[in-house]
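In UniProt numbering, the protein residues as written are 1 to 406.
C-beta atoms are modelled at their ideal positions from N, C-alpha and C, and glycine is treated no differently.
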Amino acid sequence: MQVSSLCFDVVIIGAGAAGLMCAATAAQRGRRVLVVEKANRPGKKILMSGGGRCNFTNYQVEPSNFISGNPHFCKAALKRYTQWDFIGMVERHAIPYEERKHGQLFCRDSAKDILNMLLDECAQAGVEIRIHCDILGVEPLEDPPLRYRLTCHQQERPLRIDCQSLVVASGALSIPTLGGSGIGYQIAEQFGLPLIARRAGLVPFMFTDQLKGLCERLSGLALEVTVSCNGQSFTENMLFTHRGISGPAILQISSYWEAGDRITIDLLPGTDARTWLREAKQHQARQLLRTVLAGKLGRALVTELQELWWTEAGERTLAEFSDKLLMGIADQLNGWELRPSGTEGYRTAEVTLGGVDTDAISSRTMEARHCPGLYFIGEVLDVTGHLGGFNFQWAWSSGYSAGLVA
């Protein structure tokens, strides 16, 4: 079968958030840009994000919202292309949006609005996008100004693409059904770039001990908690599931958890349980403890906690509780220690922690320091945002930075 040959100034691997932003930016400079995407459509992860409403950025973007082996790396790109720059684009395209808690910005109508905006920007600048395009290999060229050659299959048809600049925006391992893959890491290794160990982030926890049954029985119940692990804490909703626990607080802390670690859950954030239960014993002495707790935590959860912590004293009034037992329960309420058996893994993880070591990348341009014309942007890098629009902002900022020079 005859091999088709193409030549572009810039080839971008991946038609996700970072790749489309980079493509539009580079093409607006007059560069001839091709985006290759293995999936059947561009932007699949954009479409599913935020429950279909796309949490596209956050009013309060700071470097502290990102996890990386080099916490300073993200600063230059975030400064070069800020949340206000992206909000400006959204407003120019007349996309209605709304602020939710913690400064999170969502589309009012549909995530399709953000994807269509990016595709419009690309189309107006002359970007070519090819879907169903599998990368079989990348090789360096010694044919200035051409530097890289991609060998591809597009719907089983062989394709060879030469370019001056190659931008890897392939995403990572999370949610493989939406196109996540490890090809970006393979390319990095091929060209001698070091990698930081990868693991699932922003992902629910699972249990295999008695907590699994508890979670199954409480599946669907949500409450606000403060969850802590390895010196980090988040106060947000926690959701019990039939596999374990999820919800924003759990997803956030999962990025700081490693196998074998314990997490600590404060079921009464902002309430000193010791003081509260002492006062309850004094003023509600004839009440059962589960009755008092149900006012704050709900009957179903309190029933399960009673089985864990004071099953033998379930029918005692507060007056009959020893101070030692009551204070022990109070300490559990403010500091319930759990040891997850693991996470749900890449199947449901919103992000992949780790990736291409940022020490090998220019923080200003996203270009590999020792490989001229080779760029890495978005999630493939060792930069991971908190929940709340930060990973999209990293995609916009890193994609724009590379697009200015690629």
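Output the distance between the C-alpha atoms of residue i and residue j, rounded to the nearest integer angstrom.
i           : j           : result
residue 71  : residue 383 : 8 Å
residue 287 : residue 262 : 33 Å
residue 325 : residue 247 : 31 Å
residue 131 : residue 186 : 20 Å
residue 244 : residue 375 : 39 Å
residue 352 : residue 41  : 22 Å
residue 30  : residue 373 : 17 Å
residue 336 : residue 231 : 16 Å
residue 216 : residue 345 : 19 Å
residue 395 : residue 111 : 16 Å
residue 377 : residue 302 : 47 Å
residue 125 : residue 27  : 5 Å
residue 225 : residue 210 : 21 Å
residue 43  : residue 181 : 15 Å
residue 266 : residue 227 : 6 Å
residue 64  : residue 221 : 31 Å
residue 252 : residue 143 : 47 Å
residue 350 : residue 385 : 10 Å
residue 96  : residue 89  : 12 Å
residue 473 : residue 193 : As displayed, the chain neither begins before 1 nor continues past 406, which places residue 473 out of reach and without an answer.
residue 102 : residue 369 : 36 Å
residue 47  : residue 300 : 35 Å
residue 94  : residue 53  : 15 Å
residue 312 : residue 98  : 50 Å
residue 250 : residue 57  : 20 Å
Below 6 Å CB to CB, which residues in the same chain sit around residue i once its five sequence neighbours on both sides are set aside?
i           : result
residue 118 : 20
residue 121 : 24
residue 304 : 214
residue 371 : 191
residue 69  : 196, 382
residue 51  : none
residue 364 : 76
Residue i: which of the options sits nearest, CA to CA?
i           : options            : result
residue 401 : 79, 92, 304        : 79
residue 92  : 378, 113, 127, 226 : 113
residue 413 : 310, 154, 31       : Only positions 1 to 406 of the chain appear in the structure, and residue 413 is not among them; the question remains open.
residue 66  : 56, 399, 203, 387  : 387
residue 156 : 193, 4, 257        : 4
residue 87  : 106, 193, 69       : 106
residue 55  : 389, 15, 405, 260  : 389
residue 188 : 380, 385, 271      : 380
residue 150 : 260, 161, 240, 89  : 161
residue 128 : 198, 63, 15        : 15
residue 235 : 391, 271, 220, 53  : 271
residue 269 : 334, 306, 285      : 334
residue 61  : 85, 347, 45, 52    : 85
residue 273 : 323, 6, 241        : 323
residue 49  : 283, 109, 102      : 109
residue 6   : 163, 348, 312      : 163
residue 184 : 99, 38, 2, 365     : 38
residue 199 : 249, 369, 366, 347 : 347
residue 176 : 406, 212, 152, 45  : 45
residue 242 : 406, 208, 259      : 208
residue 133 : 145, 152, 260      : 152
residue 406 : 100, 137, 145      : 145
Just checking my contact of residue i with residue j at CB under 8 Å: how many whole Å lie between their CB atoms?
i           : j           : result
residue 10  : residue 165 : 5 Å
residue 25  : residue 403 : 3 Å
residue 195 : residue 357 : 6 Å
residue 238 : residue 341 : At roughly 17 Å, the Cβ-Cβ gap does not stay under 8 Å, so residue 238 and residue 341 are not in contact.
residue 12  : residue 22  : 6 Å
residue 147 : residue 158 : With a Cβ gap of about 21 Å, residue 147 and residue 158 do not count as contacting.
residue 397 : residue 81  : 4 Å
residue 8   : residue 33  : 6 Å
residue 223 : residue 297 : 7 Å
residue 393 : residue 83  : 6 Å
residue 399 : residue 18  : 4 Å
residue 321 : residue 281 : 7 Å
Report all residues from its chain with a CB closer than 7 Å to the CB of residue i; omit the five preceding and five following residues, and keep chain order.
i           : result
residue 254 : 201, 202, 203, 205, 343
residue 339 : 262
residue 256 : 229, 230, 232
residue 366 : 375, 376, 377, 398, 401, 402
residue 283 : none
Is residue i near the ligand MG, going by C-beta to nearest heavy atom under 7 Å?
i           : result
residue 233 : Ligands displayed in this structure: none; no statement on the ligand MG is therefore possible.
In chain order, what residues of the same chain lie with their CB nearer than 8 Å to the CB of residue i, ignoring the 5 residues before and after it?
i           : result
residue 309 : 328, 329, 332
residue 285 : 317, 318, 319
residue 259 : 342
residue 306 : 289, 290, 314
(message) Tell me whether the stretch 165–173 and the stretch 68–82 touch, counting them as touching only if at least three CB pairs, one residue from each stretch, are closer than 8 Å.
(response) Contact between the stretch 165–173 and the stretch 68–82 is absent, because fewer than three Cβ pairs lie under 8 Å.
(request) Decide if the stretch 268–280 is in contact with the stretch 327–337; the criterion is three or more beta carbon pairs, one per stretch, under 8 Å apart. (result) yes
(message) Check whether the stretch 310–324 and the stretch 287–297 are in contact - that is, three or more C-beta pairs closer than 8 Å.
(response) yes
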